[in-house]
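Heads up, the thing below is written out as structure tokens.
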Amino acid sequence: MVRVIKSFFHYLLVPFVFISLAWSVWRAKVKAKKYKKEPMVHTADVRYKMVYKICKRVLFCKNIHVDAQGFEDMSLTPKLLIGNHKSNLDAIVMIKVLYEISPNFRFTFLCKKELQKNAAIRACIDLIDGIYIDRNNPRAILDVIRQEKELLNQNYTLVVFPEGTRVFSHEFGEFKPGAFKVAYESFVPVAFFTLYGTSGRLDKNKEHKVKGDIIVKYNGMMRPQEFITTTAVNLAGKIKNIIKNSYDKIFNDNTKKGEKK
């Protein structure tokens, strides 16, 4: 009965939240355009709060609850933050999770260049100083690494999905070693997290849609001293295994819960 009442009030509020979301997106476009021309015009606090509110409203309209686990143990120092990639929803979820750790936590994403085609997404990425990468232009990698280093030096944490593209099934794609290069060159820690339950929630591909809460689990961190003597290929493989094992455990636990219902 309680669930029915909650659902009723949720759907009652959705139209109002959607209108608020549309207004916030329009404001973000305006602010992002001005911010690109005059970087000092909007403070980081204002920009991050705006993007956070947009992400929170998207999740509300989709009736999605996010269960963040273990992030209270994550330091706010600059780092490379690695996770698996299942959906266009992944970055939205991570913005909510990371902002709620601390509004003063500065983080951004390495994003595929194609996202620039969507004005709303581009505005949000620009407001948090996101970096675009052209996967069809290997020569652009050096410039991307330069931008990554600059942001790390400014105490940003870089969130990277090293699979490079979404993998809709419960399987994982290759974790590309190049994604880890900046950790070696800037001598920063590599932390890692698992995303479960985003597949098919904000994508056209519904074949592998996962229902229920989205779970984001912080799995730990490796300091530079722990990986500097190993290759990026080995590091990528090791972190992939950690994240995949965590993902499989969440999957198995959820399957057992479903069988008991």
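Note that the working numbering has the sequence shown beginning at 486, numbered continuously upward.
Cβ coordinates follow ideal geometry from the N, Cα and C atoms, glycine included.
- With contact defined as three or more Cβ pairs closer than 8 Å, the segment 518-532 and the segment 569-582 are not in contact.
- Looking at the DSSP output, residue 679 shares a beta bridge with 702.
- Residue 551: member of the beta strand (DSSP E) spanning 551-554, first to last residue.
- Nearest Cα to residue 666 within the set 628, 684, 680 and 682: 628.
- In this structure, the straight-line span from the alpha carbon of residue 611 to that of residue 716 is close to 32 Å.
- For the segment 517-574, the continuous beta strand (DSSP E) assignments of 3+ residues that do not extend past its boundaries occur at 551-554 and 565-568, in sequence order.
- Per DSSP, residue 645 is not a residue of any alpha helix (DSSP H); the beta strand (DSSP E) it occupies stretches across 642-645.
- Less than 8 Å divides the Cβ of residue 699 from the Cβ of residue 551.
- By the neighbour-count criterion, in which a residue is buried when 16 or more other Cβ atoms sit within 10 angstroms of its Cβ, residue 504 is exposed.
- Per DSSP, reduced to three states, the secondary structure at residue 595 is strand.
- Excluding its 5 nearest sequence neighbours in each direction, residue 673 has C-beta neighbours in its own chain below 7 Å: 563, 564, 565, 637 and 709, listed in chain order.
- In the three-state reduction of the DSSP assignment, residue 728 falls in the helix class, which pools H, G and I.
- Rounded to the nearest whole angstrom, the C-alpha separation of residue 723 and residue 677 is 11 Å.
- Residue 657 and residue 648 have their alpha carbons spaced roughly 8 Å apart.
- For residue 606, the enclosing alpha helix (DSSP H) covers residues 604-612.
- Apart from sequence neighbours up to five positions away, the residues of its chain that approach residue 506 with a beta-carbon distance below 7 Å are 539, 542, 543 and 546, ordered along the chain.
- Distance between residue 668 and residue 675, taken at the CA atoms: about 7 Å.
- In this structure, the CA atom of residue 517 is about 43 Å from the CA atom of residue 740.
- Counting other Cβ atoms within 10 Å of its Cβ, residue 682 reaches 16 or more and is therefore classed as buried.
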